[in-house]
Amino acid sequence: MDAIKMGIGFGLWQQGMPDAHTLFEYIDKAEAWGIDSVWLSDHMMGERAEVSIVPMMAAIAARTQRLKFGPSVLMMPLRHPIAVAREIATLDYLSGGRIIMAVGLGAEGKEADAFKVPRKQRGSMTDEGVAILRKLWAGPHVTHQGEHYQFEDVTLTPRPAKKIDIWVGGRSDPALRRVARIGDGWFASFVTPEEFAEGCAKITEFAASYDRSDDDIEAGSIVFCHVDPDGDKARRDFMNFFQGNARRSPEKMLERSAIGTPEQCRETLQRYVEHGLTKFALWPACHPSQLLHQLAFYAEEMIPYFEERPTTAVSSASTT
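First residue of the sequence shown? That's 1 in UniProt numbering, and the numbers climb one at a time after it.
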């Protein structure tokens, strides 16, 4: 089996945000226990607690040596691409080249409304923004005259020492066309294995129309995950986790998540792998008090199965 990269999610706290100490311990343990990457949810506003991702990524860069990190997905239409290019390049420099990223339109239309960004223009703004990122990272003295952004003779330093892959989120046909047209990868979110397979098939079809090979486009997914030796308890905890969520019904999300015993979760995740997935972001579907316990399960029960990578002992977290 080829090595599958196992990352974790950061954000989307449904039952209150962990305190700062727990958040940093979550990052530190991920670094120590062999987690490949951490992906940060990006929101500008909302009733659900979320930290601002740029200072959080700077903190991750400062306190880790190996862990890759980045946004999933970065809401491109709500930021000027020059600022994004500058921030990502700086984080890449500070971390020694460990920055990763996925971009998208953003699921919350009201955030676009607050920033006076027309909802129907978010797609074209994202396309143009990604093109600008690549121009600014490639060389000095960039001039751009586009539909949404215009500037002359802009140079950013430092620039990334190597190419930063830009993955694209979303699962609508326009989003999948965007993946096929400009993406280095597709980062699906909360889809069933069958929906993931359908998305990959569409990307293959769309890529051909842009004279691209799907061999150049990777595919990964964000998956809510809750592991417990008692599978019934895991499912009860998961249903409670989503109670009161207006946007996502527990029943619908259960079909799109890896919930149960370690073996049951591995079996669910394997179904994505069989459809070509190369990267997971496992998103803990738990109360903040269980965050480190879940991370320990991922490190002990998932990484040894999916990755050819040694891990350090983490059993102490299961009893902390």
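From the three backbone atoms N, C-alpha and C, an ideal C-beta is built for every residue, glycine too.
Quiz prompt | Buried versus exposed call for His141 [16 or more other C-beta atoms within 10 Å across all chains shown] | solution = Around the beta carbon of His141, fewer than 16 other beta carbons lie within 10 angstroms, which makes this residue exposed.
Quiz item: Near Pro160, which residues of its chain fall below 6 Å by C-beta distance, leaving aside the five closest residues on each side in sequence?
Solution: Taken in chain order, the residues that qualify are Ala89, Asp92, Trp137.
Quiz prompt | C-alpha distance - Thr22 paired with Gln290, whole-angstrom precision | solution = Each residue's Cα considered, the two are about 10 Å apart.
Exercise. Note down the Cα distance separating Ile99 from Ala112, rounded to an integer number of angstroms.
Key: Roughly 25 Å between the two C-alpha positions.
Exercise. Rounded to whole angstroms, what's the CA-CA distance from Ala61 to Tyr26? Just pull it up for me.
Key: Whole-angstrom Cα-Cα distance: 14 Å.
Practice problem: Please state whether DSSP places Gln145 in a helix, a strand or coil. | Solution: The answer is strand: DSSP assigns Gln145 an E or B state.
Self-check item: Nearest neighbour of Glu152, chosen from Val168, Gly170, Gly169, Ile132 [CA to CA]
Solution: Comparing Cα-Cα distances from Glu152 to each of Val168, Gly170, Gly169, Ile132, the minimum goes to Ile132.
Quiz item: Under the three-state reduction of DSSP, which class applies to Phe190: helix, strand or coil?
Solution: The answer is coil: DSSP assigns Phe190 none of H, G, I, E or B.
Exercise. Please work out which residues of its chain come closer than 6 Å, Cβ to Cβ, to Phe238, disregarding the five sequence neighbours upstream and downstream, and give them in chain order.
Key: Contacts found: His226, Ile259, Ala285.
Quiz prompt | Reference His148; option with closest CA among Pro81, Ile203, Asp214, Ala208 | solution = Per the Cα distances, Pro81.
Quiz prompt | Chain-order list of residues whose beta-carbon lies under 8 Å from that of Pro229 (same chain, five-residue window excluded) | solution = Same-chain partners within the cutoff: Thr261, Pro262.
Exercise. Starting from Glu31, follow the alpha helix (DSSP H) in both directions and report where the run begins and ends.
Key: Glu31 -> alpha helix (DSSP H) spans 20-32.
Quiz item: Along the chain, where does the beta strand (DSSP E) that runs through Met6 open and close?
Solution: Counting along the chain, the beta strand (DSSP E) containing Met6 begins and ends at 5-10.
Quiz item: Thinking C-beta only, is Leu277 closer than 8 Å to Phe196?
Solution: Between Phe196 and Leu277, the CB-CB gap stays under 8 Å.
Quiz item: Taking the DSSP output, what are the residues bridged to Ser37?
Solution: Looking at the DSSP assignment, Ser37 forms a beta bridge with Gly7, Lys68.
Exercise. On a CA-only basis, which of Ser72, Glu255, Ser37, Ser52 is nearest Thr192? Give me that one, please.
Key: Nearest C-alpha to Thr192: Glu255.
Quiz item: So Glu128 is in the alpha helix (DSSP H); what residue range does that whole segment cover?
Solution: It spans 122-138 - the alpha helix (DSSP H) in which Glu128 sits, taken as one unbroken run.
Practice problem: Answer with buried or exposed for Asp214, where buried requires no fewer than 16 other C-beta atoms within 10 angstroms of its C-beta. | Solution: It is buried - the Cβ of Asp214 has at least 16 other Cβ atoms within 10 Å.
Self-check item: Under the three-state DSSP convention, the category Phe306 falls into
Solution: In the structure shown, Phe306 adopts helical secondary structure according to DSSP, grouped into three states.
Quiz prompt | 8 Å contact criterion, which Val38 and Ile8 should meet: CB distance rounded | solution = Between Val38 and Ile8, the beta carbon gap of about 5 Å places them in contact (Cβ cut-off 8 Å).
Exercise. Pick out whichever of Trp283, Ala85, Pro77 has its Cα sitting closest to the Cα of Gly109.
Key: It is Pro77 whose Cα lies nearest to the Cα of Gly109.
Quiz item: Roughly how many angstroms separate the alpha carbons of Ala313 and Ile53, rounded to a whole number?
Solution: Its pLDDT being 34, under 50, Ala313 is placed unreliably by the model, and the measurement read from it follows with that caveat. Rounded to whole angstroms, the gap between the alpha carbons of Ala313 and Ile53 is 30 Å.
Quiz item: Would you call the CB atoms of Ala58 and Leu12 closer than 8 Å?
Solution: Judged by their CB atoms, Ala58 and Leu12 are not nearer to each other than the 8 Å cut-off.
Exercise. Give every residue of the same chain whose Cβ lies closer than 8 Å to the Cβ of Arg271, excluding the five residues on either side of it in the sequence, and list them in chain order.
Key: Scanning its chain for C-beta atoms nearer than 8 Å, with the 5 sequence neighbours on each side dropped, one finds around Arg271 the residues Pro193, in chain order.
Quiz item: Apart from the five residues on each side of it in sequence, which residues of its chain come closer than 6 Å, Cβ to Cβ, to Arg266?
Solution: Cβ within range, chain order: Tyr305.
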